[in-house]
Amino acid sequence: MPPRRWSRFTFCTALQDDDGILFLTEREPFGYQPFPDNWLHVVQEGESLFTLAGRYFAPLPRPAGLWWVIADFQPEPILDPTIALTVGATLVIPSLQTIQAEIFNERRRETA
């Protein structure tokens, strides 16, 4: 079964090795882009990638599940979502338009 829409593995392919074990091809993160509609967010006490995704991406299905979009989109990507965010740090949040038109654009499949 291929990854579902809005998954961080959307542009991966499920393959089967010679032993019949399924695995996904490597995932290419979107990475930071300086779009004019990016939001800047200063981290407050108790916030996490999950709570920020839930707040900023609320109109999308399962918004907290899009934490990885914020992690990938930083100029220096966040590799471990379980590490607490630094209070006072500034995060770059992509707009909903960027998520729909750029990050989940099918053209990316051609270059992946």
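Each residue of the sequence shown is one higher than the last, beginning at 688 in the working numbering.
Heads up, the beta-carbon is just placed ideally off N, CA and C, and yes, glycines get one too.
Fair warning: this is a prediction, and the values are worked out from it, not measured in the lab.
CB contact flag (residue i, residue j, <8 Å)
| i | j | result |
| --- | --- | --- |
| Trp754 | Pro768 | yes |
| Arg795 | Phe696 | no |
| Leu736 | Ala771 | no |
| Phe722 | Ile790 | no |
Reduced DSSP category for residue i - H, G, I as helix; E, B as strand; rest coil
| i | result |
| --- | --- |
| Val756 | helix |
| Leu736 | helix |
| Ile780 | strand |
| Ala701 | strand |
Reference residue i, options the options, closest by Cα
| i | options | result |
| --- | --- | --- |
| Leu709 | Arg749, Thr700 and Pro716 | Thr700 |
| Leu766 | Val774, Gly775 and Val756 | Val756 |
| Gln761 | Arg714, Pro781 and Ala788 | Pro781 |
| Ala776 | Gln731, Asp705, Asn792 and Trp726 | Gln731 |
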